[in-house]
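Q:
2 protein chains.
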Amino acid sequence: MADISKKKATIYDLSILSGASASTVSAVLNGSWRKRRIKEATAQLIQNLANEHGYTANLQARGLRSSRSGLVGLLLPVHDNRYFSSMAQSFEAQVRSRGQCPLVVSGCRDPDEERQVVETLISYSIDELFIAGATDPDGVHKVCEKAGLKHVNIDLPGTLAPSVISDNYEGARMLTQAIIERAQEDGPLSPDDLYLFGGRNDHASHERIRGFRDVKRALLGADPDVCIQPTGYSPAMTARAFEAFYEGHGKLPRTFFVNSSINLEGLMRFLALHPHETFADIIVGCYDYDPFGSFLPFPVFMIRQDGEAMITKGFAILDADRRPPITHLVRPTLVPPRTALTGPLDALKDIG
Amino acid sequence: MADISKKKATIYDLSILSGASASTVSAVLNGSWRKRRIKEATAQLIQNLANEHGYTANLQARGLRSSRSGLVGLLLPVHDNRYFSSMAQSFEAQVRSRGQCPLVVSGCRDPDEERQVVETLISYSIDELFIAGATDPDGVHKVCEKAGLKHVNIDLPGTLAPSVISDNYEGARMLTQAIIERAQEDGPLSPDDLYLFGGRNDHASHERIRGFRDVKRALLGADPDVCIQPTGYSPAMTARAFEAFYEGHGKLPRTFFVNSSINLEGLMRFLALHPHETFADIIVGCYDYDPFGSFLPFPVFMIRQDGEAMITKGFAILDADRRPPITHLVRPTLVPPRTALTGPLDALKDIG
DNA sequence: CTTTTTTGCACAATCGATGGTGCAATAACT
DNA sequence: AGTTATTGCACCATCGATTGTGCAAAAAAG
Chain A
1 MADISKKKAT
11 IYDLSILSGA
21 SASTVSAVLN
31 GSWRKRRIKE
41 ATAQLIQNLA
51 NEHGYTANLQ
61 ARGLRSSRSG
71 LVGLLLPVHD
81 NRYFSSMAQS
91 FEAQVRSRGQ
101 CPLVVSGCRD
111 PDEERQVVET
121 LISYSIDELF
131 IAGATDPDGV
141 HKVCEKAGLK
151 HVNIDLPGTL
161 APSVISDNYE
171 GARMLTQAII
181 ERAQEDGPLS
191 PDDLYLFGGR
201 NDHASHERIR
211 GFRDVKRALL
221 GADPDVCIQP
231 TGYSPAMTAR
241 AFEAFYEGHG
251 KLPRTFFVNS
261 SINLEGLMRF
271 LALHPHETFA
281 DIIVGCYDYD
291 PFGSFLPFPV
301 FMIRQDGEAM
311 ITKGFAILDA
321 DRRPPITHLV
331 RPTLVPPRTA
341 LTGPLDALKD
351 IG
Chain B
353 MADISKKKAT
363 IYDLSILSGA
373 SASTVSAVLN
383 GSWRKRRIKE
393 ATAQLIQNLA
403 NEHGYTANLQ
413 ARGLRSSRSG
423 LVGLLLPVHD
433 NRYFSSMAQS
443 FEAQVRSRGQ
453 CPLVVSGCRD
463 PDEERQVVET
473 LISYSIDELF
483 IAGATDPDGV
493 HKVCEKAGLK
503 HVNIDLPGTL
513 APSVISDNYE
523 GARMLTQAII
533 ERAQEDGPLS
543 PDDLYLFGGR
553 NDHASHERIR
563 GFRDVKRALL
573 GADPDVCIQP
583 TGYSPAMTAR
593 AFEAFYEGHG
603 KLPRTFFVNS
613 SINLEGLMRF
623 LALHPHETFA
633 DIIVGCYDYD
643 PFGSFLPFPV
653 FMIRQDGEAM
663 ITKGFAILDA
673 DRRPPITHLV
683 RPTLVPPRTA
693 LTGPLDALKD
703 IG
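First to last, the protein sequences are chains A and B.
For the first sequence, our numbering begins at 1 and goes up steadily by one.
For the second sequence, our numbering begins at 353 and goes up steadily by one.
Pasting the structure below:
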């Protein structure tokens, strides 16, 4: 309050002001003063001075000394996607409730970038790292390992560190079954009427494709390879795949499974180029939940992955004494069309 | 590579290995070695050793000494929203291209939380701060000021620091005009047919409401107060407002302006509770762009705010010598219904 | 072969906080 | 009163990097 001094107060400043030594000031301000048998009155005095001068600890100095920083990292593939940004939101809340500081960064789905970003985080002595949706979790693991950094994989599993991921197989089964049943309400469905778009060479895609194919085979009797169109995680490539199908067939498949909301954006790009009416009767399943995606002008079944539960589980794992490289599955939920779920935003204060 | 040592190498380790002093090692590794007249051969030797041992600087130590951390902060209201998460994505890219480390955190639209989060960031000696959508920019400003931290407001302006914001008035005018014209295609529009939902007591809302009212009065001749329904930035409250209107009128307004995509989520919650067909003829304007929101089963005009341009402008301001508290406007664009725009994701590598 | 200049580097203080250790002063006992 | 315990705190090394300063050895100049 009172001081207009440009520089922030340090324990040395308070040490002079209070007449106590710097170590006493430090002990008082970091809470270890009872253990160090500082008189209550001394502590009070110092705390008052600290308040008066708006003292806050220099966390770099503390981190340097204690080789802990209070920073917890979350490595994301990308930010601008409801699944990951909502995960970031939950992550922040949980980290802050533990008195630490969240550090959310993206690796842009690039293995080199991922490793480099993690190197940077390590240079800041972060205490723990959540690796979400990493292209190369084991590569990142090695970097962490070398630095002795506790870490856990989220969303995409590694073989070397504990992982918490969606039950992609089960989720894909639920979703596939839901869209098949819905499509069959409009008449019999042939195997050629059911496609899958999106996904690439990662664990999640494999499991989803496996779930899709298993259910499709069981319910429709066949499962031709041509119906699987892996397009990567890119709206542009996905749009191209829809366009290609459309050129070949003059329509879209009656029913299809879209591997993620990013791929669903590819569908939007396709739709933007074609009249609405042509596609009024498609049935879509999307392996991700988006509140607006759920209300598109055709039925969209969605899978909501429980990012919050994954983060919670991740912390539980990091808190445990032993951390074997086991993969934990978190069950996602099927979201029928036209559903508006609540999210982490709803926990915020509503100020009119 | 070769070393299995648990601890990270320091300049002292390299100093011993190379036979040079720690200060020489430091100079070599931070690039200042030419200035310090270190022999090229010595530099080479040390650099090789550094590579061999995977040396990376301890950035906390560097930050402590130089009172610069290489961290650049972005304070966001929330993550899980396309506008802000896409801003985070652009921010990250720009910060990294400048060789610094992005630190994205949310303040949850709570003035106290915002200030406290910034205090934390300051404790990590961040170099610069982007304050986006802060509830209380001037409060945050004072905290920064006291710490001598360069900062700029984004999206919501303050009076004490330079600001870069959307031209909300112009955007609102464009949007209002677009939905009025579109609605009039279906027949004459009375002032009671055009509402505004969402927004609260902040600069952006004021400007948008002003733009809305000005255009409405000009085109429809009147502008009753009852048509303005500020519901805060909360899906739940917005849904309640729609519900209330519906109870009173047995329908929604023919046309309405929704203040943000967060409020648009409130509309989704309302729609989820009512049969689709009832609302097939509404015309909506949303002051925010969302790729799925654009394809809802009724016309949705959207405003895309140029987050990337704002960040760029923000850096330009921070780089300038003088930083008067001027507000810079960035023009948003009107997005007609059924439009899929590209975003920062498209800059990423597409790996199939 | 001196003297001056330049080159190449080592030394040591410093950033702010932490925590082990040691030592007075006071209190609690014989 | 003399001894032992306890209380309350100061001192100092330390974390890893940065940087101003100083001083040999080598090179250039005279």
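Beta carbons are placed, not taken as given, at the ideal position from N, Cα and C, and that holds for glycine.
Between residue 60 of chain A and residue 421 of chain B, how many whole angstroms is the CB-CB distance? I'm expecting something under 8 Å.
A: That belief holds up - the Cβ atoms of residue 60 of chain A and residue 421 of chain B are roughly 7 Å apart, short of 8 Å.
Q: So, is the C-beta of residue 474 of chain B closer than 9 Å to a C-beta in chain A?
A: It does: the Cβ of residue 474 of chain B has a partner Cβ on chain A nearer than 9 Å.
Q: Could you name the residues of the stretch 95-112 of chain A whose beta carbon sits closer than 8 Å to any beta carbon of chain B, in the order they occur along the chain?
A: Cβ contacts with chain B come from 101, 102, 103, 104, 105, 106, 108, 109 and 110.
Q: Verify whether the separation of the beta carbon atoms of residue 282 of chain A and residue 235 of chain A is less than 9 Å.
A: No, the Cβ-Cβ distance between residue 282 of chain A and residue 235 of chain A is not below 9 Å.
Q: In whole angstroms, what is the alpha-carbon distance linking residue 364 of chain B and residue 373 of chain B?
A: Approximately 8 Å, taken between the alpha carbons.
Q: Residue range of the alpha helix (DSSP H) that residue 679 of chain B falls in?
A: Note, residue 679 of chain B: premise wrong, no alpha helix (DSSP H); beta strand (DSSP E) at 679-682.
Q: Would you say residue 662 of chain B lies against chain A (beta-carbon separation less than 9 Å)?
A: Not one chain A Cβ lies under 9 Å of residue 662 of chain B.
Q: So is residue 128 of chain A buried or exposed if we call it buried at 16+ other beta carbons inside 10 Å?
A: Residue 128 of chain A is buried by the Cβ-count criterion.
Q: Taking the C-alpha atoms as reference points, what is the distance between residue 113 of chain A and residue 107 of chain A?
A: Rounded to the nearest angstrom, the two C-alpha atoms are 6 Å apart.
Q: Buried or exposed for residue 136 of chain A, please, with buried defined as at least 16 other CB atoms from any protein chain shown within 10 angstroms of its CB.
A: Looking at its Cβ environment, which holds 16 or more other Cβ atoms inside 10 Å, residue 136 of chain A is buried.
Q: Name the chain B residues whose beta carbon is nearer than 8 Å to that of residue 338 of chain A?
A: Neighbours of residue 338 of chain A on chain B, chain order: 623, 624 and 628.
Q: According to DSSP, is residue 472 of chain B helix, strand or coil?
A: Residue state, collapsed to three classes: helix.
Q: Return the residue from the list B/691, B/424 and B/446 that minimises the CA-CA distance to residue 483 of chain B.
A: Taking only the C-alpha atoms, the option nearest residue 483 of chain B is B/424.
Q: Could you give the C-beta distance for residue 341 of chain A and residue 289 of chain A, rounded to a whole number, given that I count them as a contact under 8 Å?
A: With 8 Å as the limit, residue 341 of chain A and residue 289 of chain A qualify as a contact, their Cβ atoms being about 7 Å apart.
Q: DSSP on residue 376 of chain A, reduced to helix/strand/coil?
A: Since the first residue shown for chain A is 1 and the last is 352, residue 376 of chain A is missing from the structure and cannot be characterised.
Q: Could you check the C-alpha separation between residue 558 of chain B and residue 582 of chain B for me, to the nearest Å?
A: Approximately 10 Å between the Cα atoms of the pair.
Q: Measure from the alpha carbon of residue 237 of chain A to the alpha carbon of each residue in A/249, A/246 and A/266, then state which is nearest.
A: When only C-alpha atoms are compared, the closest one is A/266.
Q: Can you tell me whether residue 665 of chain B is buried or exposed, with buried defined as 16 or more other CB within 10 angstroms of its CB?
A: Buried, since its Cβ has 16 or more Cβ neighbours within 10 Å.
Q: Figure out for me which residue from A/249, A/344, A/259 and A/285 has the closest Cα to the Cα of residue 278 of chain A.
A: Residue A/249 is the option with its Cα nearest to residue 278 of chain A.
Q: Which word fits residue 354 of chain B, buried or exposed, when buried means at least 16 other C-beta atoms lie within 10 angstroms of its C-beta?
A: Reliability fails at residue 354 of chain B, whose pLDDT of 43 lies under 50, so the model's placement of it is uncertain and no value is given.
Q: What residues in the stretch 173-197 of chain A bring their beta carbon closer than 9 Å to a beta carbon of chain B?
A: So nothing in the stretch comes that close.
Q: What is the residue span of the beta strand (DSSP E) that residue 354 of chain A lies within?
A: Not covered by the structure: residue 354 of chain A. The range shown for chain A is 1 to 352.
Q: Considering only C-alpha positions, which residue in the set A/176, A/145, A/304 and A/170 is nearest to residue 162 of chain A?
A: Taking only the C-alpha atoms, the option nearest residue 162 of chain A is A/145.
Q: Distance, Cα to Cα, residue 430 of chain B vs residue 197 of chain A?
A: In a straight line, the C-alpha of residue 430 of chain B is about 31 Å away from that of residue 197 of chain A.
Q: Can you give me the Cβ contacts of residue 525 of chain B inside the same chain, cut-off strictly under 7 Å, excluding the 5 residues immediately before and after it?
A: Taken in chain order, the residues that qualify are 563, 566 and 567.
Q: Look at the alpha carbon of residue 351 of chain A and the alpha carbon of residue 35 of chain A, and state the distance between them as a whole number of angstroms.
A: Per-residue confidence for residue 351 of chain A stands at a pLDDT of 45, beneath the threshold of 50, marking its modelled position as unreliable; the derived number appears in the next sentence. Near 43 Å, if we compare the C-alpha coordinates of residue 35 of chain A and residue 351 of chain A.
Q: State yes or no: is the beta carbon of residue 614 of chain B nearer than 9 Å to at least one beta carbon in chain A?
A: By this cut-off, residue 614 of chain B is an interface position.
Q: Pull up the distance between the alpha-carbon of residue 96 of chain A and that of residue 470 of chain B, whole angstroms please.
A: Their Cα atoms are separated by approximately 13 Å.
Q: Have a look at the DSSP bridge pairing and note the partners of residue 685 of chain B.
A: Residue 685 of chain B is bridged to B/656.
Q: Going by DSSP, name the residue or residues bridged to residue 130 of chain A.
A: According to DSSP, residue 130 of chain A bridges with A/74 and A/152.
Q: Using 10 angstroms around the beta-carbon of residue 503 of chain B, count the other beta-carbons present and answer buried if the total reaches 16, otherwise exposed.
A: By the neighbour-count rule (16 or more Cβ atoms within 10 Å), residue 503 of chain B is buried.
Q: Could you please give the first and the last residue of the uninterrupted beta strand (DSSP E) stretch that includes residue 540 of chain B?
A: Careful: residue 540 of chain B lies outside any beta strand (DSSP E) and carries neither H nor E.
Q: Could you have a look at residue 692 of chain B and say whether DSSP puts it in helix, strand or coil?
A: Coil.
Q: Could you tell me whether the Cβ atoms of residue 268 of chain A and residue 688 of chain B are closer together than 9 Å?
A: It is not a contact, given that the beta carbons lie outside the stated cut-off.
Q: Counting only beta-carbon separations shorter than 9 Å, does residue 430 of chain B have a partner in chain A?
A: Output row for residue 430 of chain B: interface = yes.
Q: Answer with buried or exposed for residue 332 of chain A, where buried requires no fewer than 16 other C-beta atoms within 10 angstroms of its C-beta.
A: Under this definition residue 332 of chain A is a buried residue.
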